[in-house]
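Data first, discussion second: the structure below is written as structure tokens.
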Amino acid sequence: MSNHLTRRRRLGAGACAAVLLGAAFLAGPAAATPAATPAAEPPSTPVPIATPDGMLMSYVVNAKQANPGQTRLVEQAVRKAGGTVVQSWPQIGVVVAHSTSADFRTEVVAAKGNAVQSVGATRTAEVTEGTPAVGDTPRTPGSRGASQYKKANGQPRLGGFVAGEVFDVAPAADPREGEQWDMVQINADDAQAVTDGARSVLVGVLDSGIESTHPDLAPNIDAAASVSCIDAGRPDTSAGAWEPTTSAHGTHVAGTIAAARNGTGIVGVAPNVRMASVKVVNDDGFIYPEYAVCGFVWAAEQGMDVTNNSYYVDPFEFWCDDQSDQAAAKEAVRRAVAYSERKGVVSVAAAGNSAYDLANKTTNASSPNDTTAVDRTINSGCHDIPTEFPGVVTVSATTQTEALASFSNRGLDVIDVAAPGSSILSTYTGGRYARLSGTSMASPHVAGVAALVVSAHPEYTPAQVVTALREQARDKACTTTTRGAACEGADVNNSFYGEGITDALAAIG
1 MSNHLTRRRR LGAGACAAVL LGAAFLAGPA AATPAATPAA EPPSTPVPIA TPDGMLMSYV
61 VNAKQANPGQ TRLVEQAVRK AGGTVVQSWP QIGVVVAHST SADFRTEVVA AKGNAVQSVG
121 ATRTAEVTEG TPAVGDTPRT PGSRGASQYK KANGQPRLGG FVAGEVFDVA PAADPREGEQ
181 WDMVQINADD AQAVTDGARS VLVGVLDSGI ESTHPDLAPN IDAAASVSCI DAGRPDTSAG
241 AWEPTTSAHG THVAGTIAAA RNGTGIVGVA PNVRMASVKV VNDDGFIYPE YAVCGFVWAA
301 EQGMDVTNNS YYVDPFEFWC DDQSDQAAAK EAVRRAVAYS ERKGVVSVAA AGNSAYDLAN
361 KTTNASSPND TTAVDRTINS GCHDIPTEFP GVVTVSATTQ TEALASFSNR GLDVIDVAAP
421 GSSILSTYTG GRYARLSGTS MASPHVAGVA ALVVSAHPEY TPAQVVTALR EQARDKACTT
481 TTRGAACEGA DVNNSFYGEG ITDALAAIG
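Once you know that position 371 of the sequence shown is 371 in full-length UniProt numbering, the rest is easy, because the numbers rise by one and skip nothing.
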């Protein structure tokens, strides 16, 4: 596969060196700018982001080196260009800035003594969330602190639930484990005979918030480690900030990972581990780059072991290296993901619900999704993030019969493992339960298995956890087609299932 990002990620136990390449800028010179699109491929269709004078826009500004001194120089450049510093992340050399100047990008690069590597707008819509306090002081982790464009059908384009039904809490005292066919498919029930997970393990749910009062989730929520990142990318730990408001998505994801074994409702894959709510989805369902950056850095600083990421970063389904705004925002998120891995975090992500071959990208008609989408040509330098970043475990979705779900993305040497994602019973807001479908429902199964692996092997590095997930997955042969698409590859590694269906019992050894 020509995709340089995904090829490095597929090296299993040998991935350590490649992952460190992604984080090399943390200790020395900045990472190289992504390689240019191969000459044989067409460039991606330009999607200019208009920034007229007077319109408040959000930007990420990346330092040439990731250290406090360089980051301060970037902050100075932002101010010289007439911008406002919203949030600084010196750990990765990224500054989030707001500006109403049409020439902000040019002026921030031209500032004297410039330490700027790249700058890019993070959205195509005007900023509508709050502005920084007077004094232009970026908030730091632990401080207290919606776009106007609705997405299709009013639903967030997360990794995505595509259908579902909601149920009230069952009055019976017995658990509803008998309805959880998904746990049987991945051998979670057998793994739980060995371990329900260690209490020391913390899983970050980067999503729309978790209902902390749900009876199946309350025992496992770590409020002290929870945060909201939707205030322009600034961490907000105030009471209620990380609770769900307009979406039950994060609550459903959380139940699959770690619904408690407490005689009520269902049981998650790792029912004894703790979970932190990391809210990165605003009330209109958008996950902008600055939100994701905040989420990944927060996970790193809180010592989380695993994060689940059932979404793609908006407003582009695919972020392209050959366009400056997209490349800069993509680089900021990549730095945050690499930093979290360097700090010991395993990232698991949904493959997406577009029934798309991620190994053979040609066109896309869904982006940008916060203003007006355009039909565009894309190429192998365009990526669904964070799922296609190095080190991130990419998860496709299966049905109860182990077929690839009709909505699931696929891709030879892109998908790592598969997991159940059709009609999955899990927790829902209002203390209820629901059956939902999507790769958003598949990814948390693997995040839960990763939590069990860390519980059983606390000495493992993130690369070793990923290796265990991939090598111990149950091989699934290419025997079917989905939406007319053929499964490519061998039984041990193919475009539908990657290395196979995740296996909790085998993975914990």
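The beta-carbon is built from N, C-alpha and C at its ideal position, and this holds for glycine as well.
Assumed close pair residue i, residue j - CB separation to whole angstroms, cut-off 8 angstroms
i	j	result
Val116	Val47	Actually they do not touch by this definition, with Cβ atoms about 22 angstroms apart.
Ala419	Thr398	7 angstroms
Val466	Val306	So it is not a contact: roughly 11 angstroms between Cβ atoms.
Asn308	Ala447	4 angstroms
Ala332	Val94	5 angstroms
Phe296	Val337	5 angstroms
Val281	Asp207	6 angstroms
Gly391	Glu341	5 angstroms
Gly265	Thr377	Not confirmed; about 47 angstroms, so no contact.
Pro42	Asn67	Contact flag wrong, Cβ pair sits at about 38 angstroms.
Pro235	Trp181	No, Pro235 and Trp181 are not in contact; Cβ-Cβ is about 38 angstroms, not under 8 angstroms.
Span of the alpha helix (DSSP H), counted from its first residue to its last, around residue i
i	result
His249	His249 to Ala258
Gly339	Going by the sequence as given, residue 339 is Tyr instead of Gly. Here the alpha helix (DSSP H) through Tyr339 covers Ser324 to Arg342.
Ala223	First-last for Ala223: undefined, no H or E at that position.
Pro462	Pro462 to Glu471
residue 537	What is shown of the chain runs 1 to 509, which leaves residue 537 out entirely.
Val414	Careful: Val414 lies outside any alpha helix (DSSP H) and carries neither H nor E.
Trp181	Trp181 to Gln185
Rounded C-alpha distance that separates residue i from residue j
i	j	result
Cys229	Val417	29 angstroms
Val227	Met304	13 angstroms
Ser277	Ala40	44 angstroms
Gly69	Ala355	45 angstroms
Ala468	Asp503	10 angstroms
Ile415	Gln400	19 angstroms
Gly233	Thr256	27 angstroms
Gln65	Ala239	35 angstroms
residue 529	Glu488	No statement about residue 529 is possible, as the shown extent of the chain runs from 1 to 509 and does not include it.
Asp491	Val184	21 angstroms
Thr439	Ala349	9 angstroms
Arg123	Tyr288	7 angstroms
Gln76	Glu211	40 angstroms
Lys80	Glu107	8 angstroms
Val269	Leu56	43 angstroms
Ala241	Arg474	40 angstroms
Phe25	Arg261	For Phe25, the predicted model reports a pLDDT of 22, less than 50, meaning its position is unreliable; a value from the coordinates is still stated below. Cα to Cα, Phe25 sits roughly 43 angstroms from Arg261.
Pro315	Asp321	15 angstroms
Asp222	Arg274	6 angstroms
Arg410	Ser495	5 angstroms
Ala456	Ser44	45 angstroms
Asn364	Ser408	16 angstroms
Leu358	Leu404	15 angstroms
Lys361	Ser380	6 angstroms
Gly509	Ala300	26 angstroms
residue 510	Val346	Residue numbering for the chain in the displayed model covers 1 to 509; residue 510 lies beyond these limits and cannot be assessed.
His98	Ser422	41 angstroms
Ile501	Arg72	46 angstroms
Ala248	Gly498	29 angstroms
Arg334	Ile424	30 angstroms
Gly209	Ser443	16 angstroms
Asn272	Gly250	18 angstroms
Delimiting residues of the beta strand (DSSP E) encompassing residue i
i	result
Val61	Met57 to Ala63
Thr307	Val306 to Asn309
Arg432	Arg432 to Ser437
Arg234	Arg234 to Asp236
Thr427	Ile424 to Tyr428
Leu202	Leu202 to Asp207
Ala77	Premise fails: Ala77 lies in the alpha helix (DSSP H), Pro68 to Lys80, not in any beta strand (DSSP E).
Asp190	No beta strand (DSSP E) holds Asp190; the alpha helix (DSSP H) holding it covers Ala188 to Ala191.
Val227	Val227 to Asp231
The segment 43 to 62 contacting the segment 96 to 112, beta-carbon criterion three pairs below 8 angstroms: Touching, yes.
Residue ranges of each alpha helix (DSSP H) within the segment 86 to 115, 4 or longer: Segments of the alpha helix (DSSP H) lying fully in the segment 86 to 115: 104 to 110.
Three CB pairs or more closer than 8 angstroms across the segment 182 to 196 and the segment 450 to 459: Contact between the segment 182 to 196 and the segment 450 to 459 is present, because at least three Cβ pairs lie under 8 angstroms.
Inside the segment 263 to 294 only - beta strand (DSSP E) runs reaching at least 3 residues: Entirely contained in the segment 263 to 294, the beta strand (DSSP E) runs reaching 3 residues are, in chain order, 274 to 279.
contact_flag[the segment 384 to 391, the segment 363 to 372] where n(CB pairs < 8 angstroms) is 3 or more: No, they do not touch.
3-residue-minimum beta strand (DSSP E) runs that sit fully inside the segment 330 to 410, ordered along the chain: DSSP runs (the beta strand (DSSP E)) wholly in the segment 330 to 410: 346 to 350, 363 to 367, 374 to 377 and 393 to 398.
contact_flag[the segment 429 to 436, the segment 478 to 488] where n(CB pairs < 8 angstroms) is 3 or more: At 8 angstroms Cβ cutoff, the stretches do not touch.
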